[in-house]
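These notes concern the structure reproduced below.
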Ligand SMILES: Cc1cc2nc3c(=O)[nH]c(=O)nc-3n(C[C@H](O)[C@H](O)[C@H](O)COP(=O)(O)OP(=O)(O)OC[C@H]3O[C@@H](n4cnc5c(N)ncnc54)[C@H](O)[C@@H]3O)c2cc1C
Ligand SMILES: Nc1ncnc2c1ncn2[C@@H]1O[C@H](COP(=O)(O)O)[C@@H](O)[C@H]1O
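Protein chains in written order, with my numbering: chain E, 135 to 451; chain W, 15 to 263.
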């Protein structure tokens with residue numbers, strides 16, 4: 135029997151959606167390992183987020199670590215903390231977000247164990263499924279390490295229900311290493327649109343959109359019509375059409391909305407790696423040979439400069 | 015200041031990946047291999063720091079088969095000064111790579127180690143963070159810009175909600191994201207020059223590192239295929255399908 139520890143990503147008030155998905159993965163794993171699920175909530179002031187975690191049905195215990203050094207999610211103090219309290223767990227799970235990807239391998243090395251990144255399935259207590267080669271292959275991997283260090287792809291697991299539970303909250307602390315890294319600031323995108331990885335509908339633009347101006351008038355306008363999130367290809371971000379956090383793909387975000395609309399996107403494997411699990415894929419591209427049509431449920435060969443405004447108009451009918 | 019850059023030889027990002035019929039792995043026969051794209055960015059960054067007078071020497075390191083010499087020569091042609099190949103056949107897990115790199119760092123004593131954020135074969139995104147942990151150094155992962163300021167290194171990091179700036183004391187570990195820079199093309203004269211640059215080889219045993227696998231790949235399968243869709247003739251038809259057939263709007 136071994137317990138499972140989840141490192142929660144939170145915003146001070148509540149847990150991020152990806153944390154809820156990670157917790158639901160942890161339920162599966164805890165069942166396979168025959169142990170409980172504990173959730174670590176660390177932050178400058180994190181009690182409110184810890185209380186939210188304690189309400190999740192199935193969580194047995196919440197570990198609360200508060201202190202200035204944890205305020206900005208820096209990996210160095212957090213990894214030191216988890217390495218100190220985490221060694222006895224059978225598994226330690228983090229969401230495969232920029233937070234978890236930065237932190238989890240640092241903990242793994244401190245515990246002298248390997249890591250399984252971005253898992254999409256749990257086969258047994260020590261065996262996991264994960265994509266490799268930008269999702270062009272899927273590997274089933276068995277770990278012989280005493281602690282299974284895992285990051286979880288959120289779109290592969292349903293979010294855990296955020297109510298019905300009453301776990302105990304226990305304060306934890308650890309010696310904080312000398313700070314050799316310092317948080318300076320964050321430049322966060324301010325958007326009223328749904329969050330890209332959690333949205334039901336996503337509209338994405340590629341290089342074919344042509345300009346930042348067009349990205350607003352074509353992609354963002356359609357997204358707002360549909361109440362959708364906005365996404366982009368790497369080429370569109372590199373060309374300066376939109377912000378980097380909207381990039382979808384192997385090195386961007388992984389999404390699995392009900393509806394994904396790609397406009398002016400060629401369908402490079404690195405982009406498709408991030409959209410493959412969408413329920414319905416629509417592609418609009420003027421090149422009928424574009425690779426994106428090979429994964430699209432509905433393809434429209436058309437010039438986006440005409441098709442997108444027409445689509446907005448049609449949706450208003 | 016001395017910089018060490020880790021470069022991995024991987025299947026080229028343009029190659030078509032086919033899974034072996036027996037499920038044992040990827041069929042790499044006849045595939046083109048190249049430097050991992052993120053590592054090319056890492057090398058470019060080190061070369062730019064050298065050109066800016068911040069870095070005096072660039073050592074490039076690879077862990078892999080003898081053919082990884084080509085990857086190292088490529089990095090030397092971009093502007094690396096010297097190369098080290100740790101010869102290992104077969105896959106080496108990120109933790110073992112990090113331990114080998116730690117051993118190299120302990121003898122080379124660089125002030126800055128730059129890795130790619132992720133190797134595009136295993137898509138692990140682990141090694142830089144692990145190396146930083148083993149060395150007890152600060153880490154600046156997923157970097158899209160570097161700037162030296164008052165003896166510290168400011169790193170702009172790409173995070174899910176935007177960008178973040180952290181300041182690191184040296185020595186430090188950086189992992190490069192693609193937007194850190196655009197790597198240069200290597201010129202023929204530089205390729206010729208790179209052939210004469212020193213390339214040393216060593217082994218895990220010499221470095222005193224156990225590279226035994228902790229993980230066993232039980233099988234490798236192709237991903238679930240999406241079933242082929244249809245082409246619609248007009249925007250109106252598209253909207254009708256989405257409403258009535260797919261029922262997603
Ligand atoms: C290591 C690595 C990682 C990468 N990671 C990612 C990633 O995470 N995400 C990502 O997206 N990419 C990634 N890439 C880049 C990827 O390989 C492609 O270069 C990129 O996805 C192409 O973007 P695009 O489709 O917008 O541009 P292009 O390939 O240039 O395609 C533009 C498309 O627009 C169409 N078009 C042009 N004008 C019009 C018009 N008026 N009307 C209709 N259609 C039009 C064209 O027919 C074309 O198909 C990565 C690459 C590497 C090497
Ligand atoms: N075999 C290797 N040789 C040299 N560098 C490597 C090797 N494996 C990983 N790296 C470095 O670590 C980074 C991240 O790799 P990974 O953790 O495997 O995704 C790569 O971009 C390289 O810079």
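Even for Gly, the Cβ is constructed at its ideal location relative to N, Cα and C.
Model, not experiment: these values are computed from the prediction.
**Report entry** Proximity test, Cβ basis, 8 angstroms: residue 358/E and chain W
**Finding:** Counting from 1 along the first chain, the entry for residue 358/E is found at position 224. So, not an interface residue.
Query raised in the report: Any contact of the segment 136-149 of chain W with the segment 232-246 of chain E, i.e. 3+ C-beta pairs under 8 angstroms?
Result: yes
Report task. Reducing DSSP to helix, strand and coil, say where residue 306/E ends up. Result -> Here the question's residue 306/E lines up with position 172 in the first chain. Residue 306/E falls in the coil class under three-state DSSP.
Report task. Report the rounded CA-to-CA distance for residue 444/E versus residue 356/E, giving the unit in angstroms. Result -> Position 310 of the first chain, counted from the first residue, corresponds to residue 444/E. Position 222 of the first chain, counted from the first residue, corresponds to residue 356/E. Using only the alpha carbons, I get a separation of about 10 angstroms.
Query raised in the report: From which residue to which residue does the beta strand (DSSP E) around residue 238/E run?
Result: The count along the first chain starts at 1 and reaches residue 238/E at position 104. Per DSSP, residue 238/E lies in no beta strand (DSSP E) segment; the continuous alpha helix (DSSP H) that holds it begins and ends at 232-244.
Query raised in the report: Are any of the Cβ atoms in chain E nearer than 8 angstroms to that of residue 109/W?
Result: Counted from its first residue, the second chain places residue 109/W at position 95. For residue 109/W, the answer is yes, since a Cβ of chain E falls inside 8 angstroms of its Cβ.
Report task. Starting from residue 237/W, find everything on chain E with Cβ-Cβ shorter than 9 angstroms and list it in chain order. Result -> As a position in the second chain, residue 237/W is number 223, starting the count at 1. Those within 9 angstroms of residue 237/W in chain E are 265, 269, 270, 271, 272, 410.
Query raised in the report: Which residues, in order along the segment 100-131 of chain W, keep a beta-carbon less than 8 angstroms from a beta-carbon of chain E?
Result: 107, 108, 109, 112, 131
Query - Residue environment, residue 230/W, which counts as buried when at least 16 other CB atoms sit within 10 Å - result: Here residue 230/W refers to the residue found at position 216 of the second chain. Answer is exposed; the Cβ neighbour count stays below 16.
Query raised in the report: Using the beta-carbon of each residue, which ones in chain E are nearer than 7 angstroms to residue 46/W?
Result: The sequence position of residue 46/W within the second chain is 32, counting from 1. Correct list: empty, because the minimum Cβ distance to chain E is about 14 angstroms.
Query raised in the report: When the distance is taken between beta carbons, is residue 175/E closer than 8 angstroms to residue 240/W?
Result: Position 226 of the second chain, counting from 1, holds the residue named residue 240/W. Position 41 of the first chain, counting from 1, holds the residue named residue 175/E. For residue 240/W and residue 175/E, no; Cβs fall outside 8 angstroms.
Query raised in the report: So residue 374/E and residue 109/W are in contact, right, with Cβ under 8 angstroms, and what is the actual spacing, rounded?
Result: Translated into the one-based positions of the first chain, residue 374/E becomes position 240. Translated into the one-based positions of the second chain, residue 109/W becomes position 95. Between residue 109/W and residue 374/E the Cβ distance is about 38 angstroms, and since that is not below 8 angstroms, they are no contact.
Report task. Taking residue 171/E and residue 194/E to be in contact with their CB atoms under 8 angstroms, please state how far apart those CB atoms are, rounded to whole angstroms. Result -> Translated into positions along the first chain, residue 171/E becomes position 37. Translated into positions along the first chain, residue 194/E becomes position 60. Contact flag correct, Cβ pair sits at about 6 angstroms.
Query raised in the report: Counting along the chain, where does the beta strand (DSSP E) carrying residue 258/E start and finish?
Result: For the purposes of this step, residue 258/E is taken as the residue at position 124 of the first chain. Run containing residue 258/E: 255-258, per the beta strand (DSSP E) assignment.
Query raised in the report: For the alpha helix (DSSP H) that residue 230/W lies in, which residues bound it at each end?
Result: For the purposes of this step, residue 230/W is identified with residue 216 of the second chain, where counting begins at 1. Run containing residue 230/W: none in the alpha helix (DSSP H); it sits in the beta strand (DSSP E), 229-235.
Query - heavy atom of ligand 1 below 7 angstroms from residue 439/E C-beta - result: The count along the first chain starts at 1 and reaches residue 439/E at position 305. Yes; taking the cut-off as 7 angstroms, the Cβ of residue 439/E has a heavy atom of ligand 1 nearer than that.
Requested in this report: Would you kindly work out how many angstroms separate the C-alpha atoms of residue 189/E and residue 157/E, rounded to a whole number?
Outcome: As a position in the first chain, residue 189/E is number 55, starting the count at 1. As a position in the first chain, residue 157/E is number 23, starting the count at 1. Taking the straight line from one Cα to the other gives about 12 angstroms.
Query raised in the report: Within this structure, are the beta carbons of residue 218/W and residue 183/W separated by less than 8 angstroms?
Result: The residue given as residue 218/W occupies position 204 in the second chain. The residue given as residue 183/W occupies position 169 in the second chain. Contact flag unset, no.
Report task. Indicate whether the contact test is met: 3 or more Cβ pairs, each with one atom in the segment 251-271 of chain E and one in the segment 286-297 of chain E, closer than 8 angstroms. Result -> yes
**Report entry** For residue 415/E and residue 437/E, believed in contact at Cβ under 8 angstroms, the rounded distance
**Finding:** If you number the first chain from 1, residue 437/E lands on position 303. If you number the first chain from 1, residue 415/E lands on position 281. Actually they do not touch by this definition, with Cβ atoms about 20 angstroms apart.
Requested in this report: Taking residue 265/W and residue 275/E to be in contact with their CB atoms under 8 angstroms, please state how far apart those CB atoms are, rounded to whole angstroms.
Outcome: Residue numbering for chain W in the displayed model covers 15 to 263; residue 265/W lies beyond these limits and cannot be assessed.
**Report entry** Extent of the continuous alpha helix (DSSP H) run through residue 220/E
**Finding:** For the purposes of this step, residue 220/E is taken as the residue at position 86 of the first chain. First-last of the alpha helix (DSSP H) with residue 220/E: 209-220.
Query raised in the report: By the 10 Å Cβ neighbour count, where 16 or more other Cβ atoms means buried, how is residue 155/W classified, buried or exposed?
Result: In the second chain, the residue the question calls residue 155/W occupies position 141. It counts as buried.
Query raised in the report: With a CB to CB cut of under 6 angstroms and the five nearest residues on each side skipped, what residues in its chain are close to residue 394/E?
Result: By one-based count along the first chain, residue 394/E stands at place 260. Correct list, in chain order: 336, 409, 412, 415.
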